[in-house]
Amino acid sequence: MAYYRSAGHVPPKRHTQHRSPEGRLYYEELMGEEGFSSDSALLYHVNIPSSIVEYRTWELPDQTLVPNHPLTPRHLATHKLFEEGAAGVDGVTGRRLLLGNADVRISYVVADTASPYYRNGIGDECLYIESGDAVLETVFGDLPVGEGDYAIVPRATTYRIVPVGSVRIYAVEANSHIAPAKRYLSRFGQFLEHAPFCERDLRPPSEPRVVEGSDVEVFIKHRGPGPGGIAGTVHTLPHHPFDVVGWDGCLYPYAFNVRDFEPITGRVHQPPPAHQVFEGNNFVICNFVPRKVDYHPLSIPVPYYHSNVDSDEVMFYCGGDYEARKGSGIGQGSISLHPGGHPHGPQPGAYERSIGAEFFDELAVMVDTFRPLELGEAAAEADDGLYAYSWARGDRGETGATDG
């Protein structure tokens, strides 16, 4: 994201000597994307950032994926995955894999314990906070997050998640970078006037801080021999990873609250790209927020039935009253999977009930992928087994389809 920021103490000229008040040389680290050809940040460390004293294997949570076959729309009830009041779960090692493909993995966790220090060496992460509060302590500084926040964490950022009480996190892990939609940005990276959010809405981390410590473990997710080509390693550092006195550049974690997204509306129903917020390689992230709806005198405000011939659609329902899904069993914390090749749309009765509506009080995060999604271990446990029949009437009505 080409939005320059400087924090802490940096020298006037990059790649030059930067010394402590006592005359000790700080160690400059370039953290850059696409080799040396895209956004980057320069961090100044007290210690050599590549130092390790020990390493071992990290046995990742189950990353196995199986095809969605036979092809089936699904309802995944994420709140079934973690017992109410369960203790000792952290926001990194406790993630449970729901869906994934070669481009993106979607997980869910309810965390009440500080995670280990962690670094995703595969791609950027987009963490959506369904409820609760936490602090992302990062090598760049602290980033407090709460309900409705997205946190974008660039690849290879060392950080940990420290809940304040209990926090529910919907985690989207890319095999690429995640950024605002290109059509919202000028060729120099500034948000344009038609964008539904802008730089003022983005919250950067606090000033960096130097933390003392020794023999600190950092859990690293990286490319390797495991399921999906993913593996884990733990590096033990001789010093604390948070030893940065200053940094500058255009690459750093930031937060954005969904309430600051200004919805784009029209006389007739707007297609999902109007709700887009971020994108990665072969996937997009959209959000559906409370908004006034279509004002043509003959409009039908809920979505028309549609076939996503090039994509799978994943909707995470995280607030409000989702009119189009009434009668399907979907509620707070639900995920719907509508696979490519299957036409989908509002539940029976929703089409008719929406006529005359002026406002929808709904909140949902959508991920559209352009390769088929497969099912993780958590999908089998969270699947209600009934959603595929929720559009049927008559002899299939007993499976759960109602008019809501």
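Each residue of the sequence shown is one higher than the one before, starting from 11 at the first, in the numbering used here.
Glycine is no exception: its CB is placed at the ideal position from the N, C-alpha and C atoms.
Please read these numbers as outputs of a predicted model, since none were measured by experiment.
Beta-carbon separation (whole angstroms), residue i vs residue j, contact threshold 8 Å
| i | j | result |
| --- | --- | --- |
| A116 | K231 | The sequence shown places Ile at residue 116, not Ala. Not really, about 15 Å apart at Cβ, beyond 8 Å. |
| G290 | A184 | 4 Å |
| A144 | I171 | 6 Å |
| A334 | P356 | 4 Å |
| P206 | F271 | 5 Å |
| V255 | V228 | 19 Å between Cβ atoms; not a contact. |
| H285 | I310 | That pair is no contact at about 18 Å. |
| D134 | N292 | D134 to N292, Cβ: 14 Å. No contact. |
| E372 | G330 | 4 Å |
| L108 | A389 | 5 Å |
| P59 | Y37 | 6 Å |
| P218 | G259 | Not really, about 13 Å apart at Cβ, beyond 8 Å. |
| E222 | H204 | The Cβ separation is near 48 Å, so there is no contact. |
| V99 | D122 | 6 Å |
| L75 | G386 | 6 Å |
Status (buried if at least 16 other CB within 10 Å, exposed otherwise) for residue i
| i | result |
| --- | --- |
| E408 | In this predicted model, E408 has a pLDDT of only 34, less than 50, meaning its place in the structure is not dependable; the value taken from the coordinates is given anyway. Flag for E408 reads exposed. |
| P283 | exposed |
| Q73 | buried |
| Y314 | exposed |
| K178 | Reading the sequence as shown, one finds Arg at residue 178 and not Lys. R178 comes out buried. |
| I340 | buried |
| P397 | The identity of residue 397 in the sequence shown is Tyr, whereas the question assumes Pro. Its Cβ being crowded by 16 or more others within 10 Å, Y397 is buried. |
| R233 | exposed |
| S364 | buried |
| Y169 | buried |
| F198 | exposed |
| Y54 | buried |
| Y14 | exposed |
| F369 | exposed |
| Y305 | exposed |
| T167 | buried |
| R210 | exposed |
| S47 | exposed |
| L383 | buried |
| D225 | exposed |
| P281 | exposed |
| V102 | buried |
| G110 | buried |
| L202 | exposed |
| R106 | buried |
| R129 | buried |
| T379 | buried |
| E32 | exposed |
| P215 | buried |
| T26 | exposed |
| G95 | exposed |
| G404 | Note that G404 scores 33 on pLDDT, short of 50, meaning its location in the model is unreliable; the coordinates nonetheless yield the value given after this. G404 should be labelled exposed. |
Candidates the options: closest to residue i by CA position
| i | options | result |
| --- | --- | --- |
| A189 | P173, G256, L212 | L212 |
| Y332 | V299, R129, N130 | V299 |
| A181 | C208, P273, R193, F326 | F326 |
| V377 | Y397, D394, P349 | P349 |
| E43 | S400, A388, Y262 | Y262 |
| H352 | H79, P218, R210 | H79 |
| W68 | H250, A241, V312, G95 | A241 |
| Y361 | L385, L308, F380, A392 | L308 |
| V174 | R193, S141, Y127, A367 | S141 |
| A124 | T379, A97, V56 | A97 |
| R277 | A367, Y128, G238, E387 | A367 |
| K23 | E93, S186, L52 | L52 |
| Y118 | P126, K90, V244 | K90 |
| R165 | V149, E147, T148, S186 | S186 |
| L247 | R29, R381, Y127 | Y127 |
| M41 | G239, T243, I274, W257 | W257 |
| S50 | V56, E39, N57 | E39 |
For residue i: DSSP bridge partner residues
| i | result |
| --- | --- |
| H28 | Looking at the DSSP assignment, H28 forms no beta bridge with any residue, so it has no partner. |
| C296 | Q286, M376 |
| T243 | T67, I230 |
| V163 | E135 |
| L102 | Reading the sequence as shown, one finds Val at residue 102 and not Leu. Its beta-bridge partners do not exist; DSSP assigns none. |
| L212 | F266 |
| R301 | F370 |
| H348 | E323 |
| W257 | A17, L53 |
| T88 | Note: T88 sits in no beta bridge, so no partner. |
| G329 | L373 |
| D394 | Looking at the DSSP assignment, D394 forms no beta bridge with any residue, so it has no partner. |
| V221 | Note: V221 sits in no beta bridge, so no partner. |
TODO: Give a yes or no on contact between the segment 339–356 and the segment 81–91, applying the rule of three or more CB pairs nearer than 8 Å.
DONE: Pairwise C-beta distances place the segment 339–356 in contact with the segment 81–91, as three or more of them are shorter than 8 Å.
- [ ] Pair every Cβ in the segment 317–335 with every Cβ in the segment 62–71, then say whether three or more of these pairs are closer than 8 Å.
- [x] Contact fails: fewer than three Cβ-Cβ distances are below 8 Å.
TODO: Count the CB pairs spanning the segment 149–156 and the segment 256–270 that are closer than 8 Å, and state whether there are at least three.
DONE: In short, these stretches touch, since the Cβ pair count reaches three.
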